[in-house]
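Student: From first to last, the protein sequence lines stand for chains A and B.
Offset between the first sequence (1-based) and this note's numbering: plus 131.
Offset between the second sequence (1-based) and this note's numbering: plus 88.
No residue lacks a Cβ here, since even glycine has one placed at the ideal position from N, Cα and C.
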Amino acid sequence: MMKRSMKGGVYLEESKVESTIEDLPVPQRLVIPLKQHKGPPCKSLLKKGKGVKIGDEIGKSEDEFSAPIYATVSGKVAGLPKRFPDIRGGIAPAVEIESDGKEEWSVSSSPQEPLQQSPEALLKAIQQMGLVDFGIDAIPLSAKLGLAQSKRVSAVIINGVDLEPGVAVRYKLVTEKKQELINGIKLIKKILNVNTAYLAIEVKNTTAQEQLPGLVSGVAELAVLESKFPQGIDIFLVKAITGKEAPSPNGVPEDVGVCVLGADTVIALWDALKEMKPVIDQVITVYGAVNKPKNLRVRIGTPLKDVLSHCGVNGNIAKVIVGGPMMGLAQYSLEIPVTKEITAIYVQRHSDLATISDQKCINCGWCVKVCPMGLLPNVIASFCQVDMFEEAESYNLSYCIECGCCAYVCPAKIPLVHWIKYGKSQIKREEQ
Amino acid sequence: MKEEGFIVSVGPHVQGKESITSIMLGFIIALIPAVIAGIYYFKMKAIEVILISVISAVIIEAGLQKIMKREVTVLTDYHAILTGLIFGLILPANIPWWAVVVGVFVGLLVGKHVFGGLGSNPFNPALVGWASLKLGYMSHMDISGSILGVVKLEGVGALAEDYSYFSEGYGIESWSSLGGKIKLLIHTLLGWKPLPGEELVGCVGQICALAIIIGAVYLFWKRYISWHIPVGFLGAVLIFSILFYKGEKEFLYPYILVQLLGGGTLLAAFFIATDPITTPVTGVGMLVFGAMAGMITMIGRLWGSWIDPIWFAILVMNGFTPLIDRIIKPRPFGRVKSSA
Numbered sequence: 132m133m134k135r136s137m138k139g140g141v142y143l144e145e146s147k148v149e150s151t152i153e154d155l156p157v158p159q160r161l162v163i164p165l166k167q168h169k170g171p172p173c174k175s176l177l178k179k180g181k182g183v184k185i186g187d188e189i190g191k192s193e194d195e196f197s198a199p200i201y202a203t204v205s206g207k208v209a210g211l212p213k214r215f216p217d218i219r220g221g222i223a224p225a226v227e228i229e230s231d232g233k234e235e236w237s238v239s240s241s242p243q244e245p246l247q248q249s250p251e252a253l254l255k256a257i258q259q260m261g262l263v264d265f266g267i268d269a270i271p272l273s274a275k276l277g278l279a280q281s282k283r284v285s286a287v288i289i290n291g292v293d294l295e296p297g298v299a300v301r302y303k304l305v306t307e308k309k310q311e312l313i314n315g316i317k318l319i320k321k322i323l324n325v326n327t328a329y330l331a332i333e334v335k336n337t338t339a340q341e342q343l344p345g346l347v348s349g350v351a352e353l354a355v356l357e358s359k360f361p362q363g364i365d366i367f368l369v370k371a372i373t374g375k376e377a378p379s380p381n382g383v384p385e386d387v388g389v390c391v392l393g394a395d396t397v398i399a400l401w402d403a404l405k406e407m408k409p410v411i412d413q414v415i416t417v418y419g420a421v422n423k424p425k426n427l428r429v430r431i432g433t434p435l436k437d438v439l440s441h442c443g444v445n446g447n448i449a450k451v452i453v454g455g456p457m458m459g460l461a462q463y464s465l466e467i468p469v470t471k472e473i474t475a476i477y478v479q480r481h482s483d484l485a486t487i488s489d490q491k492c493i494n495c496g497w498c499v500k501v502c503p504m505g506l507l508p509n510v511i512a513s514f515c516q517v518d519m520f521e522e523a524e525s526y527n528l529s530y531c532i533e534c535g536c537c538a539y540v541c542p543a544k545i546p547l548v549h550w551i552k553y554g555k556s557q558i559k560r561e562e563q
Numbered sequence: 089m090k091e092e093g094f095i096v097s098v099g100p101h102v103q104g105k106e107s108i109t110s111i112m113l114g115f116i117i118a119l120i121p122a123v124i125a126g127i128y129y130f131k132m133k134a135i136e137v138i139l140i141s142v143i144s145a146v147i148i149e150a151g152l153q154k155i156m157k158r159e160v161t162v163l164t165d166y167h168a169i170l171t172g173l174i175f176g177l178i179l180p181a182n183i184p185w186w187a188v189v190v191g192v193f194v195g196l197l198v199g200k201h202v203f204g205g206l207g208s209n210p211f212n213p214a215l216v217g218w219a220s221l222k223l224g225y226m227s228h229m230d231i232s233g234s235i236l237g238v239v240k241l242e243g244v245g246a247l248a249e250d251y252s253y254f255s256e257g258y259g260i261e262s263w264s265s266l267g268g269k270i271k272l273l274i275h276t277l278l279g280w281k282p283l284p285g286e287e288l289v290g291c292v293g294q295i296c297a298l299a300i301i302i303g304a305v306y307l308f309w310k311r312y313i314s315w316h317i318p319v320g321f322l323g324a325v326l327i328f329s330i331l332f333y334k335g336e337k338e339f340l341y342p343y344i345l346v347q348l349l350g351g352g353t354l355l356a357a358f359f360i361a362t363d364p365i366t367t368p369v370t371g372v373g374m375l376v377f378g379a380m381a382g383m384i385t386m387i388g389r390l391w392g393s394w395i396d397p398i399w400f401a402i403l404v405m406n407g408f409t410p411l412i413d414r415i416i417k418p419r420p421f422g423r424v425k426s427s428a
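1. Can you check whether the C-beta of Cys-492 of chain A is within less than 8 Å of a C-beta belonging to chain B?
2. Looking at the C-beta of Phe-308 of chain B, does it have a partner C-beta in chain A at a distance below 8 Å?
3. Below 8 Å on C-beta distance, what does Met-457 of chain A contact in chain B?
4. Who are the near neighbours of Thr-486 of chain A in its chain, counting only those whose CB is closer than 7 Å to its CB and skipping five residues on each side?
5. Check whether the Cβ of Met-504 of chain A lies closer than 8 Å to any Cβ atom in chain B.
6. Taking 8 Å as the threshold (C-beta atoms), are Leu-177 of chain B and Leu-349 of chain B in contact?
7. Between the region 284-301 of chain A and the region 350-370 of chain A, can you find at least three pairs of beta-carbon atoms closer than 8 Å?
8. With DSSP as the reference, please indicate the residues paired to Cys-390 of chain A in a beta bridge.
9. Give me the chain A residues within the contact set of Arg-158 of chain B, using Cβ-Cβ distance strictly less than 8 Å, ordered along the chain.
10. Can you find at least 3 beta carbon pairs, one from the region 311-318 of chain A and one from the region 407-423 of chain A, that sit closer than 8 Å?
11. Does the beta-carbon of Glu-159 of chain B have 16 or more other beta-carbons within 10 angstroms, so that it is buried, or is it exposed?
12. Chain A beta carbons: is any one of them nearer than 8 Å to that of Thr-63 of chain B?
13. For Ser-144 of chain B, report the span of its beta strand (DSSP E) as first-last.
14. Just the chain A side, please: which residues come within less than 8 Å of Pro-364 of chain B by C-beta, in chain order?
15. Within a Cβ cutoff of 6 Å, which residues of the same chain sit near Leu-507 of chain A, ignoring the five residues on either side of it in sequence?
16. Between Gly-207 of chain B and Ile-551 of chain A, how many whole angstroms is the CB-CB distance? I'm expecting something under 8 Å.
17. Just to confirm my understanding: we take Ile-145 of chain A, look at its own chain, exclude 5 residues before and 5 after, and list those with CB closer than 6 Å. What are they?
18. For chain A, check one thing: does any of its Cβ atoms lie closer than 8 Å to the Cβ of Val-244 of chain B?
19. Using the beta-carbon count (16 or more within 10 Å), is Ala-381 of chain B buried or exposed?
20. Please go through the same chain and pick out, in chain order, the residues whose beta-carbon is closer than 6 Å to the beta-carbon of Glu-242 of chain B, but skip the five residues on each side of it.
21. What residues from the region 362-383 of chain A come within 9 Å of chain B, judged by C-beta to C-beta, listed N to C?
22. I want to verify the contact list: residues of chain B whose CB lies under 9 Å from the CB of Asn-527 of chain A, in sequence order.
23. Would Gly-207 of chain B count as contacting chain A if we go by Cβ distances under 8 Å?
24. Is Gly-126 of chain B closer than 8 Å to Gly-323 of chain B when the C-beta atoms are compared?
25. Below 8 Å on the Cβ atoms is my guess for Met-374 of chain B versus Ser-314 of chain B; work out the distance and round it to an integer in Å.
26. If you check the beta carbons only, do Phe-193 of chain B and Leu-403 of chain B fall under 8 Å apart?
27. Taking Cβ-Cβ distances below 8 Å as the criterion, which residues of the region 101-120 of chain B are in contact with chain A?
28. DSSP has Gly-454 of chain A in a bridge; who is on the other side?
29. Count Cβ pairs between the region 444-460 of chain A and the region 534-544 of chain A that sit closer than 8 Å; are there 3 or more?
30. Put Val-244 of chain B into one of helix, strand or coil per three-state DSSP.
31. Pro-215 of chain B lies in the beta strand (DSSP E); which residues open and close that run?
32. For Val-102 of chain B and Val-414 of chain A, I'd like the C-alpha separation in whole angstroms.
33. Shortest alpha-carbon distance to Pro-156 of chain A belongs to which of A:Cys-442, A:Gly-388, A:Met-407, A:Glu-352?
34. Hey, quick one: how far does the alpha helix (DSSP H) through Ile-313 of chain B stretch, first residue to last?
35. Just checking: is the beta-carbon of Ala-428 of chain B within a distance shorter than 8 Å of some beta-carbon in chain A?
36. Could you name the residues of the same chain whose beta carbon sits closer than 7 Å to that of Ile-185 of chain A, not counting the 5 residues immediately before and after it, in chain order?
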């Protein structure tokens with residue numbers, strides 16, 4: 132099978148977490164943030180002390196670009212903090228629920244025939260179920276599909292490539308939930324009214340390459356992609372598979388007539404719609420400096436501390452990163468829960484930390500070679516260091532997606548992403 | 089599990105293993121075969137030149153960093169050691185010791201520290217040192233006895249004579265046959281021994297092409313150099329030597345061998361023209377850099393008055409590097425042509 136690849140990028144040594152997905156026990160106390168998606172936060176519908184069941188709607192927003200929040204455990208509301216830390220370093224309201232251990236659902240399962248329904252009905256159901264495209268952006272799925280519809284996309288790519296090196300969520304799901312995946316793809320094709328679908332998998336994923344070809348034929352074309360970072364980012368996936376480039380800066384695949392959805396999202400979509408039950412858990416990879424790296428199915432709202440203690444952490448951890456080693460966000464609190472935005476937790480000891488230096492750029496050009504956006508990170512960063520932001524922008528500062536490949540390879544250990552972020556923030560400030 | 093004291097910072101949270109130190113060390117390791125070959129051919133003289141060059145580079149670098157009030161990094165970034173090593177390898181073996189020290193001093197001062205130290209130097213310090221000696225002490229820099237010198241001074245006719253002379257020593261009866269061609273290639277790779285009764289002259293590190301190729305393989309394997317500059321450089325040398333060859337057809341093959349494997353061609357292509365600091369950052373830029381350096385080298389070899397202008401060719405191109413980087417930029421992903 133032909134192996135497709137993007138330009139640039141880096142190969143990390145981080146090996147895939149190969150373990151089968153296992154269920155994490157539901158903790159005593161869960162925290163469910165009312166913002167688990169791009170867009171405005173939901174409003175709480177609950178009062179303290181009220182009893183809830185799984186599937187109860189606990190947060191709602193009138194905004195189109197939002198996804199309702201559902202209770203993921205049965206029990207009673209233990210608190211309604213207004214200012215709970217969110218993974219981006221900000222704050223958002225949340226709901227704390229004390230589990231009663233009964234695992235009662237508020238809705239009885241009602242088998243549906245999603246493939247028989249009309250696209251409009253399906254889209255409405257998706258909005259109602261609070262589905263998002265899993266990942267740090269967590270765009271509400273209904274909004275994403277709506278955009279794809281309005282842009283009249285001609286193809287859909289189901290992304291089975293995990294973004295961050297080592298993460299094995301999609302890697303495992305595409306083979307462990309094959310039937311759900313295929314049904315989900317059929318559903319997406321129906322909603323978007325497209326005939327062309329690709330299922331992107333990594334070349335490392337030999338199990339999928341053995342098991343999937345027969346199953347997906349007629350539904351989607353299997354596209355095998357090189358295992359490198361950041362191949363899993365939508366725009367590079369589109370480029371590698373269809374040859375089309377989303378316009379920079381801030382272009383989305385829909386601009387070139389392609390809709391990209393994570394395989395995990397598609398599977399969750401099918402699971403939710405076949406019984407009209409909201410998504411209450413999701414799969415994450417926990418790895419790095421943990422005793423037992425694992426792929427876990429975690430109830431949404433489980434605090435990071437419960438996830439980490441399940442995997443075993445020895446005393447001194449320095450950094451807890453949600454997302455992954457390259458583009459992940461370092462967290463300061465382990466009270467932060469797993470949300471729809473989190474696909475992985477990466478833990479580092481003090482000895483694993485990346486260092487920076489005040490060495491000068493030696494002009495080696497490695498950052499240029501790995502930059503997937505075709506930029507000159509060395510030039511941009513040195514302009515930002517001396518506050519020459521307009522010049523930095525003339526070298527397309529705003530195109531940068533902050534994937535971190537440049538800073539990863541830099542032999543002088545220059546914090547290139549830091550300088551680029553600084554430059555962007557300063558330009559934003561000047562514009563205001 | 090402690091609840092406080094987590095570090096928060098922007099990504100990436102991991103880092104590649106390579107550092108400036110490891111790259112410099114990689115180049116030093118890759119030069120070891122060339123050093124060994126130099127010692128094999130020139131014995132004590134090679135050891136002398138290389139040792140003086142490296143030791144004086146370390147001392148002078150430390151002194152300059154102290155005087156300029158910079159951090160003394162001479163034993164942590166290895167750049168001075170590498171500069172000294174390369175400098176020793178491009179010097180004639182019979183150069184007096186004081187000339188080596190002068191060259192190192194000028195190279196490090198004018199070629200590196202007046203510009204602001206490592207990373208800021210537009211020219212390769214070893215080549216700056218070499219140029220200062222070439223201009224200041226021309227008589228000590230004479231390498232006309234090298235094979236390339238024979239080609240240059242005596243023309244291709246002399247080459248034929250010399251080769252037949254060599255061929256007796258190496259048992260190559262005819263180099264129009266395949267066997268003869270292979271033998272000739274092997275001996276050119278290994279390096280020619282001196283003619284009976286004559287002293288071997290030439291540069292310490294340029295004598296054995298094979299040793300340089302072994303080092304280059306290591307550099308490629310470690311990905312410290314990319315193919316662009318060597319291909320551009322050697323390509324230009326090859327094309328020029330074929331296009332402007334005027335001699336008899338049967339001597340074209342040895343002529344090309346000498347141009348590609350003789351003199352400093354390989355050392356330049358893999359170790360000196362590929363110096364990260366003084367070369368362009370983009371692949372296309374590197375290709376242009378290499379091709380133009382090779383072109384200038386060949387123009388000098390064919391029509392110039394010096395035997396091997398290769399180091400000046402690279403110095404000239406070092407000067408053009410900022411211009412190349414300004415003109416040749418990669419195409420940004422998703423760039424939309426604006427109608428305005």
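Tutor: For this structure:
1. yes
2. no
3. Gly-99, Pro-100, His-101, Val-102
4. Lys-544
5. yes
6. no
7. yes
8. A:Val-287
9. Going along chain A, no residue has its Cβ under 8 Å from Arg-158 of chain B, so there is no contact; the nearest lies around 11 Å.
10. no
11. exposed
12. The question about residue 63 of chain B has no answer here: the residues shown for chain B are numbered 89 through 428.
13. No beta strand (DSSP E) holds Ser-144 of chain B; the alpha helix (DSSP H) holding it covers 132-155.
14. Ile-493, Asn-494, Cys-495, Gly-496
15. Val-499, Tyr-526
16. Actually they are not in contact, since the Cβ atoms of Gly-207 of chain B and Ile-551 of chain A sit about 19 Å apart, beyond 8 Å.
17. Contrary to the premise, residue 145 of chain A reads as Glu rather than Ile in this sequence. Once the five neighbours on either side are set aside, the close Cβ partners of Glu-145 of chain A are Pro-296, Gly-297.
18. Per-residue confidence for Val-244 of chain B stands at a pLDDT of 46, beneath the threshold of 50, marking its modelled position as unreliable; the derived number appears in the next sentence. Judged by the 8 Å Cβ criterion, Val-244 of chain B is not in contact with chain A.
19. buried
20. Note that Glu-242 of chain B scores a pLDDT of 47, beneath 50, so its modelled location is shaky; the value from the coordinates is reported in the next line. Here the set comprises nothing.
21. Ile-366, Phe-367, Lys-370, Glu-376, Ala-377, Pro-378, Ser-379, Pro-380, Gly-382
22. Pro-420, Arg-423
23. yes
24. no
25. 7 Å
26. no
27. His-101, Val-102, Gln-103, Gly-104, Glu-106, Ser-107, Ile-108, Ser-110, Ile-111
28. Answer is none; Gly-454 of chain A lacks a bridge partner.
29. yes
30. Only weak support exists for where Val-244 of chain B lies, its pLDDT of 46 falling under 50; the coordinates are left without a value.
31. Per the sequence presented here, residue 215 of chain B reads as Leu, with Pro not at that position. That residue, Leu-215 of chain B, is in no beta strand (DSSP E); its alpha helix (DSSP H) goes 213-224.
32. 23 Å
33. A:Cys-442
34. Premise fails: Ile-313 of chain B is in no alpha helix (DSSP H) and is neither H nor E.
35. Here Ala-428 of chain B scores only 41 on pLDDT, less than 50, and its place in the model is too uncertain to base an answer on.
36. Ala-202, Thr-203, Val-204, Ser-205, Glu-234, Glu-235, Trp-236, Ser-237, Ile-411
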